[in-house]
Amino acid sequence: MPFSEAEIIADPGYPGWHSGMAVGPRMHTVARPIGPELKDSFWILEYRWSYGIRPLGFTVVDDAMNWGLQRGAYETHLPGSNGQDYALAGVHAYCRELPQFSALEDEAREQRLDACLPPFLEGFSANWAATTRTLDARGRTLCECDLSGLGTGELLEYLEDARLYLRWVWEVHFQWMYPLLVNYLGFTGFCEELGIAAAEVPKFLAGNPSKITEGDQALFSLAAEARNVGLESVFKENEAGGIATALGKAGASASGFQDKLEEFLQTWGWRTENVGDLGIDSWRENPTPVFGTIRTLLAKDSIPDVSTELQHSAAARDEAIAATRGRLSRSEQVSFDEG
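So in my numbering, the last one in the sequence shown is 959, and the numbering has no gaps at all.
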């Protein structure tokens, strides 16, 4: 049964919660119950965790959604916004926009953004590559730590280090996301001024490889391996949750595939089926989602090839750009090409 507004406002928070538990860093706000002083705001249920948040997950609400969004808005000079504000109703997180009301601050941010955005975009590829190397190196150090011999105090220190790392990861996410989003929206608005529909803009940016397409290719290759070694029936005749057991009974034909699976999970197995939910197993801990995707792929006559799909997408992109340029005047073409 849904709670009434009065019940939400009167709710003291998650059982056992008290304000001293809001120990995350603060830009503007930290997670706290929605009380009477917040009742007049328009709050939206956080869709990623609409079913509720486990107690440890409140660290993600503070570190990612409050600290990360608010710090990112400030450090990237985002005009008109201080990020978002997250508050709690029992085990549920709700968010609202956190406006930036100062006209003087907005003007200063616009000036800083105008100065910072061009070099950010120009150096994007090299700087992002360097950032990902640092992200991976720090994450690898935590993942490879042997926890078996650590005492309680050492485990607590490890958890604190892990939280600091994840907080920094979210900082990086928003510090890179905001400028890219601002640039995308600016380009979309410019296209609309030229009479180009906003729905056309994604076509101009398609066909580029990414970490997502790299992961897709690795997963598709794993599905192809299952087909090549004769394991197709194992996947087709079992539900995803029973495939691990079925592979264990498949004998020698499955051993090579399982080696490939372990290799895949070493790189891609840190993913989960939702963002920031500390109660969901990673693929390394429970590869059922991987088996489910492979099962779906093996139901097709042929398994997609990502590189071929990217080539088709790039060709469609080039055609869309050429067709659009053909409708523009010469001066508009120059402006369009400059982005």
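Yeah, the Cβ is synthetic: ideal placement off N, Cα and C, and Gly gets one too. As the structure is a prediction and not an experimental result, all values here were calculated from the model.
Report buried or exposed for residue i, applying the criterion of at least 16 other Cβ atoms within 10 angstroms of its Cβ.
{"i": "V600", "result": "Because the chain here runs from 621 to 959, residue 600 falls outside it and cannot be looked at."}
{"i": "P635", "result": "exposed"}
{"i": "R691", "result": "buried"}
{"i": "I628", "result": "buried"}
{"i": "R753", "result": "exposed"}
{"i": "P907", "result": "buried"}
{"i": "E791", "result": "buried"}
{"i": "I832", "result": "exposed"}
{"i": "V954", "result": "exposed"}
{"i": "I664", "result": "exposed"}
{"i": "A723", "result": "exposed"}
{"i": "Q886", "result": "exposed"}
{"i": "G703", "result": "buried"}
{"i": "A651", "result": "buried"}
{"i": "T751", "result": "exposed"}
Spatial neighbours of residue i within its chain, please: C-beta separation below 6 Å, excluding the five flanking residues on both sides.
{"i": "F911", "result": "A860 and I863"}
{"i": "N698", "result": "First, the residue type needs correcting, since residue 698 is Leu and not Asn in the sequence shown. So the qualifying residues of the chain are Y798."}
{"i": "G835", "result": "W888"}
Cutting at 7 Å between CB atoms, please list the residues of its own chain near residue i, excluding the five before and the five after it.
{"i": "I914", "result": "L842, A843, A846 and F855"}
{"i": "P799", "result": "T696, L737 and F740"}
{"i": "R758", "result": "Y785"}
{"i": "L918", "result": "A843, A846, R847, E852, F855 and K856"}
{"i": "F662", "result": "R716"}
{"i": "A713", "result": "E666, W669, I673, V681 and Y706"}
{"i": "F824", "result": "R937, A940 and I941"}
{"i": "D726", "result": "P699, G700 and Q720"}
{"i": "G688", "result": "W790, E791, H793 and F794"}
{"i": "R904", "result": "L885, G889 and W890"}
{"i": "A943", "result": "none"}
Using a Cβ-Cβ cut-off of 8 Å (strictly less than) and excluding sequence neighbours within five positions of residue i, which residues of its own chain qualify?
{"i": "F807", "result": "V821 and G959"}
{"i": "S701", "result": "A693, E717, L718, P719 and Q720"}
{"i": "D781", "result": "L762"}
{"i": "L881", "result": "L842, P907 and V910"}
{"i": "A818", "result": "T808, C811 and E812"}
Let me check one thing: in DSSP terms, what residues is residue i bridge-paired to?
{"i": "E717", "result": "Q704"}
{"i": "I628", "result": "Its beta-bridge partners do not exist; DSSP assigns none."}
{"i": "A709", "result": "H712"}
Just checking, does the segment 668-684 make contact with the segment 773-787 on the three C-beta pairs under 8 Å criterion?
Enough Cβ pairs lie closer than 8 Å, so yes.
Please go through the segment 790-860 and give each complete alpha helix (DSSP H) segment of 4 or more residues, from N-terminal end onward.
Complete alpha helix (DSSP H) runs here, min 4: 821-824, 831-848 and 852-856.
Using a Cβ distance threshold of 8 Å, determine whether the segment 823-832 contacts the segment 931-943, with at least three qualifying pairs required.
Taking one beta carbon from each stretch, the segment 823-832 and the segment 931-943 have 3 or more pairs nearer than 8 Å; the two touch.
Just list the alpha helix (DSSP H) runs in the segment 648-679, keeping only unbroken ones of 4 residues or longer that don't cross its boundaries, in chain order.
Runs found: none.
Run through the segment 716-783 for me and flag every whole beta strand (DSSP E) of 3 or more residues, listed as ranges in chain order.
Segments of the beta strand (DSSP E) lying fully in the segment 716-783: there are none.
For a minimum of 4 consecutive residues, which ranges assigned as the alpha helix (DSSP H) are wholly contained in the segment 855-934?
For the segment 855-934, whole alpha helix (DSSP H) runs of length 4 or above, ordered along the chain, are 863-868, 872-888 and 908-918.
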